[in-house]
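What follows is a set of notes on a single structure, which appears directly below.
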Amino acid sequence: MKALSMQKSLVILVFFGVVICALLSGCTSPTGTEIIPPGTTVPTPLPTLQTTAVTVIPTPLPVETLPAEQAVDLVLSKQRPDSSIHLLYNGGKGEVYVQNIMMKVTLSNGQVIQQYMNDGNRKPRRGDELVIEGTRSADFVQVYLTSAGRTYKVKEESLILSYL
0 MKALSMQKSL VILVFFGVVI CALLSGCTSP TGTEIIPPGT TVPTPLPTLQ
50 TTAVTVIPTP LPVETLPAEQ AVDLVLSKQR PDSSIHLLYN GGKGEVYVQN
100 IMMKVTLSNG QVIQQYMNDG NRKPRRGDEL VIEGTRSADF VQVYLTSAGR
150 TYKVKEESLI LSYL
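Here is the structure:
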């Protein structure tokens with residue numbers, strides 16, 4: 000019984016000691032006697048900014064080499080006499096990974112044409128071919144291949160008819 004009353008006394012003594020410390024610490028801090036009213040702020044007009052239109056040109060992607068196990072053969076050519084551009088898919092070691100092939104042609108007159116080898120029903124197969132009507136001048140061709148879920152830029156050429 001004596002131990003229990005001793006613990007209660009100790010807890011009460013510690014409690015009062017903490018309260019006295021808290022009161023004394025508040026009384027010793029310096030306070031300013033002068034009260035400063037908050038200043039009134041005058042809104043300043045925001046400076047006007049002149050904006051100019053900026054044309055953003057995307058950074059062209061470099062031509063990438065497919066990993067060895069995903070390698071396939073693509074033949075790009077420009078045919079005479081009609082200047083048509085042909086992309087022939089010959090398959091290869093990685094044909095099981097190929098999901099889609101896209102040919103993007105920028106004609107010399109500025110027109111851009113895109114064609115996909117995947118028609119939505121099946122993956123590209125050996126012997127599939129894309130044909131886009133080109134011009135008699137230089138046409139710029141980019142070929143993108145989606146293999147194993149990743150898209151690679153596999154060809155980028157400027158095609159010109161050779162008259163030799």
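FYI, in numbering that gives the first Met the number 0 the residues of the sequence shown are 0 to 163.
No residue lacks a Cβ here, since even glycine has one placed at the ideal position from N, Cα and C.
Note that the coordinates shown come from a computational prediction; the quantities given were computed from them, not determined experimentally.
By the neighbour-count definition (other C-beta atoms within 10 Å, threshold 16), residue 83 is an exposed residue.
Within its own chain, the residues whose Cβ lies closer than 7 Å to the Cβ of residue 79, once the five positions on either side in sequence are excluded, are 160, listed in chain order.
The Cβ atoms of residue 138 and residue 87 do not sit closer than 7 Å to each other. Secondary structure within the stretch 82-136: not one fully enclosed alpha helix (DSSP H) run of 4 or more consecutive residues is present.
The residues 83, in chain order, have a CB closer than 6 Å to that of residue 132 in the same chain once the five nearest residues on each side in sequence are set aside.
When the five nearest sequence neighbours on each side are left out, the beta carbons in the same chain lying within less than 7 Å of the beta carbon of residue 92 are those of 68 and 70, in order along the chain.
Around the beta-carbon of residue 146, 16 or more other beta-carbon atoms lie within 10 Å, marking it buried. Residue 157 is bridged by DSSP to 139. 76 is the residue among 11, 134 and 76 whose C-alpha sits nearest the C-alpha of residue 155. With contacts defined as CB atoms closer than 7 Å, residue 102 and residue 142 qualify as a contacting pair. Note that the C-beta distance between residue 152 and residue 94 is not below 7 Å.
Residue 136 holds the alpha-carbon nearest to the alpha-carbon of residue 110 among 150, 128 and 136.
Burial check for residue 116: the Cβ neighbour count within 10 Å reaches 16 or more, so the residue is buried. Non-local beta-carbon contacts of residue 96 in its own chain, meaning distances under 7 Å to residues more than five positions away in sequence, involve 69, 146 and 147 in chain order. Beta-bridge annotation (DSSP): residue 152 is paired with 143.
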